[in-house]
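Shown next, in structure tokens, is the structure this report addresses.
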Amino acid sequence: MKEPFIELRNISKYFARVIANKDVSFTINKGEVLALLGENGAGKSTIMKALYGLYHADEGEFIIDNEPCIINSPKDAMRMGIGMIQQHFSLIPAHTVLENIVLGNEKGILDRKKLAEKVYSLSQKYNFNIDPNSYIKDLPVGVQQKVEILKALYQDVKLLIMDEPTAVLTPQEAITLMDFVKDFVKRGHSVVFISHKLQEVMHIADRIIVMRNGIVLGDILKKDTNEKDLSKLMVGKDIPVLKKTTTQFSETILKVENLTVAGKQGHLALKNVSFTIGKGEILGIAGVSGNGQQELGETLSGLYLTKEGEIYLENQPINSLSVKERIDAGIGYVHADRHTAGLVLDMSLSENLLLKTSFHKEWSNKSFIKRKKLNKHAEKIVQNYSVKTSGIDEQMKGLSGGNQQKVVLGREVEIGTKLIIFDQPTRGLDLGAIEYVHRTILEERNKGKCILLISTELSEIFALSDRIGVLYDGKLLRIMDKEDANTESIGLLMAGINNIEANSDNINTKDKLPGRENTNNES
Amino acid sequence: MNPKIKDLIITTFLSILFGMILSGLLLLFLDKNPITAFGKLFSFLFRDGYTFADIFVKATPLIFTALAFAFTFKASLFNIGAQGQFYMGAVAALSVSHLLGGIIPGPVALIIIFLSSLLAGGVWGALVGFVKAKFNANDFLVSMMSVYIALAFMNYLLRTVLIESKHEYPQSDPILKDVFLPIFVNGTRLHTGFLMAVVIAVLCWIFLYKTTYGYRIRVVGMNPIAAKFAGIEAGRIYILAFLISGGLAGLAGFTEVNGVQHMLVQDFNTTIGAEGIGIAILANANPIGIIFGAILFGALKVGGSILGQTSGIPSSIIELMEGFVMLFVILSYYVRRKLELRREILKLKSEAEV
Numbered sequence: 008m009k010e011p012f013i014e015l016r017n018i019s020k021y022f023a024r025v026i027a028n029k030d031v032s033f034t035i036n037k038g039e040v041l042a043l044l045g046e047n048g049a050g051k052s053t054i055m056k057a058l059y060g061l062y063h064a065d066e067g068e069f070i071i072d073n074e075p076c077i078i079n080s081p082k083d084a085m086r087m088g089i090g091m092i093q094q095h096f097s098l099i100p101a102h103t104v105l106e107n108i109v110l111g112n113e114k115g116i117l118d119r120k121k122l123a124e125k126v127y128s129l130s131q132k133y134n135f136n137i138d139p140n141s142y143i144k145d146l147p148v149g150v151q152q153k154v155e156i157l158k159a160l161y162q163d164v165k166l167l168i169m170d171e172p173t174a175v176l177t178p179q180e181a182i183t184l185m186d187f188v189k190d191f192v193k194r195g196h197s198v199v200f201i202s203h204k205l206q207e208v209m210h211i212a213d214r215i216i217v218m219r220n221g222i223v224l225g226d227i228l229k230k231d232t233n234e235k236d237l238s239k240l241m242v243g244k245d246i247p248v249l250k251k252t253t254t255q256f257s258e259t260i261l262k263v264e265n266l267t268v269a270g271k272q273g274h275l276a277l278k279n280v281s282f283t284i285g286k287g288e289i290l291g292i293a294g295v296s297g298n299g300q301q302e303l304g305e306t307l308s309g310l311y312l313t314k315e316g317e318i319y320l321e322n323q324p325i326n327s328l329s330v331k332e333r334i335d336a337g338i339g340y341v342h343a344d345r346h347t348a349g350l351v352l353d354m355s356l357s358e359n360l361l362l363k364t365s366f367h368k369e370w371s372n373k374s375f376i377k378r379k380k381l382n383k384h385a386e387k388i389v390q391n392y393s394v395k396t397s398g399i400d401e402q403m404k405g406l407s408g409g410n411q412q413k414v415v416l417g418r419e420v421e422i423g424t425k426l427i428i429f430d431q432p433t434r435g436l437d438l439g440a441i442e443y444v445h446r447t448i449l450e451e452r453n454k455g456k457c458i459l460l461i462s463t464e465l466s467e468i469f470a471l472s473d474r475i476g477v478l479y480d481g482k483l484l485r486i487m488d489k490e491d492a493n494t495e496s497i498g499l500l501m502a503g504i505n506n507i508e509a510n511s512d513n514i515n516t517k518d519k520l521p522g523r524e525n526t527n528n529e530s
Numbered sequence: 003m004n005p006k007i008k009d010l011i012i013t014t015f016l017s018i019l020f021g022m023i024l025s026g027l028l029l030l031f032l033d034k035n036p037i038t039a040f041g042k043l044f045s046f047l048f049r050d051g052y053t054f055a056d057i058f059v060k061a062t063p064l065i066f067t068a069l070a071f072a073f074t075f076k077a078s079l080f081n082i083g084a085q086g087q088f089y090m091g092a093v094a095a096l097s098v099s100h101l102l103g104g105i106i107p108g109p110v111a112l113i114i115i116f117l118s119s120l121l122a123g124g125v126w127g128a129l130v131g132f133v134k135a136k137f138n139a140n141d142f143l144v145s146m147m148s149v150y151i152a153l154a155f156m157n158y159l160l161r162t163v164l165i166e167s168k169h170e171y172p173q174s175d176p177i178l179k180d181v182f183l184p185i186f187v188n189g190t191r192l193h194t195g196f197l198m199a200v201v202i203a204v205l206c207w208i209f210l211y212k213t214t215y216g217y218r219i220r221v222v223g224m225n226p227i228a229a230k231f232a233g234i235e236a237g238r239i240y241i242l243a244f245l246i247s248g249g250l251a252g253l254a255g256f257t258e259v260n261g262v263q264h265m266l267v268q269d270f271n272t273t274i275g276a277e278g279i280g281i282a283i284l285a286n287a288n289p290i291g292i293i294f295g296a297i298l299f300g301a302l303k304v305g306g307s308i309l310g311q312t313s314g315i316p317s318s319i320i321e322l323m324e325g326f327v328m329l330f331v332i333l334s335y336y337v338r339r340k341l342e343l344r345r346e347i348l349k350l351k352s353e354a355e356v
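Chains as they are written, first to last, in the numbering used here: chain W, 8 to 530; chain U, 3 to 356.
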């Protein structure tokens, strides 16, 4: 029997419209890796944020050594030895590793030499090999995460909570992280590992807590379970297997030639990118987020000006077309960030369907909106996509993430008569909704549309794509047929290691990575 | 009834009540009995038809300036320069009235005067939208400062080209009777401008909620990023919203000059811009709600000035009351949000128990 570090007793947390957690109770023991498994929106992050003092639990209490303890802020949590690594790092890119680590933890005059030694020896203790004087902005995401961990270790945490830590990592970086986790618990500390990925949970955890809809459904030792049982517990139903037929793609619809684009910070976000997509073909673009994916989608949709290169849609150059003209030309775009770029959350479902076509004569009569026609269309979308809503006049913000995404799909599929760009189409969705989105993407492909699928989820890329390319630091490294690709080869490319072309430029880890992170939609 | 609407009505009513109570308590410092003071205030309002009708006379320009603020507010823009656009509209109304009065038939002249004040206010407002779109200038500051330019411009004209024939005071000659806005209740000052204001408020509502232009204004207001991805150019929307907003404020100049004052004097009606903002916030920027808000403020103005004249209570008590009501209305946004949150959590809890 392991010794408990902290016990959560009947914790409940309510948000407007959702019960995030209801009567959640479990213990976290010393010297174990506890995995919190569940789909997006199951309440995993919320319960841990309550423990870390970021949220205030509405009911319930935390018990340490038989004493209830009050955690009102992360400061309280840290005093009790609880640290948390957020999905999105809280590092200051313009500062050094050392400065980031001591930020808020040291008073008075900083003895840089002494502090640097302390940080360095700490980093050596866990085989991190981080130079305390390097700047955050020069470090790859995987190393930035290690700095976040160091920041927690510097405070002598005994319990480290990690929220989906592998989401931003390449497969190889993930393995290094797992090694650290094992090393850390071996020293008698505890780790809570939040994840929705079964494989990595089975790999790393000693004990697994499965959550769904805010409640705990199972508290199981790893040795007593398997992936299949866990999956059933997590989803609550069997997910049908995606059937994918192969189609013959003939003519080229989209041709991108030597595309170079300057990003928002002035760096080159895309460098000399060339590819084609045929009629009825899905080109998957893999890569760690922040390597030019968003810029690729936004450039094709007309938001960025191309610096060099040309884009052809059905042999017509479209470089000079505005966003509006490209919508009219038949380019649909499901943006990675549906909350800010894809929807107006304060507007109704039907009004959101009008978002990109308000200029069309089809929807207005002397600039009066054809309300009846729009409502009919909205009813049809709700039915065809089985959107769960109280009605077409419901505000978008009242819908769940999956249903919001269905509305976006319904709109963009209609607009994208030739090309549809899907950027992270399943981010933050539960498995049922993911399956629905995937089916829609395949259906549209089978209709003969050409599809650009940008995703950081390798499983998604493999499940849907006909051909796969990898974006790294704005460069499109190799495009291969799906049959020739495997997780390992793509994973290496995602880290910028391109063995075949042996391009030394790509291996240089000091090569500046764009540090921008996409916002998290899980809420 | 929809609990949200119920909350809205109750909290707005309470805000007005609290505002009155608090400003009434201040009367105690003046050794006046607030209850008798308020009793007088209301009895005055219904004293005679003339006074009662004056409520709507006072409400008319307030409807316009409140609409002006609300219109840009829907696009997440801030036009706090309605005062200046009002002056520009007033100057245009007066100049055109002098030019055309007696030369062409009154009704035709009135239509041209209407359009010129709309245009004058609109162009002055659109300027703010233009610098916002072109140079990303702060609309709040630019519109605020544009008031002083307009005021100085009007005062300059009143001391030069528009000055009265006697050249004595900085004010204009009165306009001819045939370009007066017709009175529609005999024996009062209530002119057709009030009906015009009500119709225009309804039109504003239709424009915002029924047309694609209004739709796009709201999209830019609620989510400018999504608007960009939808190919909606925010810059054009800024200019359009400010053009309409300025035009609405300009119309206040038309109804004041041709409906009430029949002339222009230096520094006149210095508070209707600010009061318009207050009314728009009180009405949650809803054009229909603005009509009622403006009538309330109109009543306070009329009652306040009579109170000052007859009972020795300074009429500035009304300004205090307006200020307190605004404060409570702003606080009520927070209260409503809390109430809604609590309702939803209760609903969730009861669902969870079933």
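Using N, Cα and C, we set each Cβ at its ideal position, and we do this for glycine too.
Following the continuous beta strand (DSSP E) through residue i, name the residue where it begins and the one where it ends.
i      : result
W/N359 : Taken as a continuous stretch (DSSP letters only), W/N359 belongs to no beta strand (DSSP E), being part of the alpha helix (DSSP H) at L356 to L360.
W/P75  : E74 to C76
U/F270 : Run containing U/F270: none; DSSP gives neither H nor E here.
W/V263 : T259 to A269
W/I108 : Not the beta strand (DSSP E): W/I108 falls in the alpha helix (DSSP H), residues V104 to V109.
W/D170 : L166 to D170
U/R161 : Segment D141 to R161 is the alpha helix (DSSP H) holding U/R161; no beta strand (DSSP E) there.
W/G225 : I222 to L228
W/G90  : I89 to I92
Whose CA, out of the options, lies closest to the CA of residue i?
i      : options                           : result
U/S247 : U/E321, U/G21, U/I65 and U/Y336   : U/I65
U/L79  : U/L245, U/R338 and U/L32          : U/L245
W/Q206 : W/Y21, W/K229 and W/D491          : W/K229
W/C533 : W/L122, W/M501, W/E369 and W/L320 : Residue 533 of chain W falls outside the range modelled here, since chain W spans only 8 to 530, and no answer is possible.
U/Y52  : U/I241, U/G275, U/T190 and U/V259 : U/T190
U/S97  : U/I115, U/K179 and U/L253         : U/I115
W/T103 : W/K158, W/F69 and W/G115          : W/K158
Does residue i come out as helix, strand or coil in the three-state DSSP assignment?
i      : result
W/E323 : According to the sequence displayed, residue 323 of chain W carries Gln and not Glu. It is a strand residue.
W/M487 : strand
U/I433 : The requested residue 433 of chain U is not part of the displayed model; chain U covers only 3 to 356.
W/Q431 : coil
U/P176 : coil
U/I234 : coil
U/H193 : strand
W/N112 : coil
W/T283 : strand
U/M265 : coil
W/A343 : coil
In terms of residue numbering, what span does the alpha helix (DSSP H) encompassing residue i cover?
i     : result
U/S45 : P36 to L47
U/T74 : G51 to F75
W/P81 : P81 to R86
Within a Cβ cutoff of 8 angstroms, which residues of the same chain sit near residue i, ignoring the five residues on either side of it in sequence?
i      : result
U/L192 : A55, D56, F58, V59, I185 and F186
U/K230 : A236
W/N28  : I18, S19, K20, G50, T53, I54, A57, A64, G221 and I222
U/A72  : C206, A282, A285, A287, N288, P289 and I292
W/V394 : L356, I388, L406, N410, K413, V414 and G417
W/N107 : L98, I99, I143, V154 and K158
Leaving out the 5 sequence neighbours to the left and right, which residues in its chain are closer than 6 angstroms to residue i when beta-carbon positions are compared?
i      : result
U/M156 : Y89 and V93
U/M328 : G280
W/T463 : S296
Who are the Cβ neighbours of residue i in its own chain at under 7 angstroms, not counting the five residues just before and after it?
i      : result
W/T494 : P178 and L465
Taking 8 angstroms as the cut-off, decide whether the C-beta atoms of residue i and residue j are in contact.
i      : j      : result
U/L102 : U/A111 : yes
U/W126 : U/A84  : no
W/G455 : W/G287 : yes
W/V330 : W/S308 : yes
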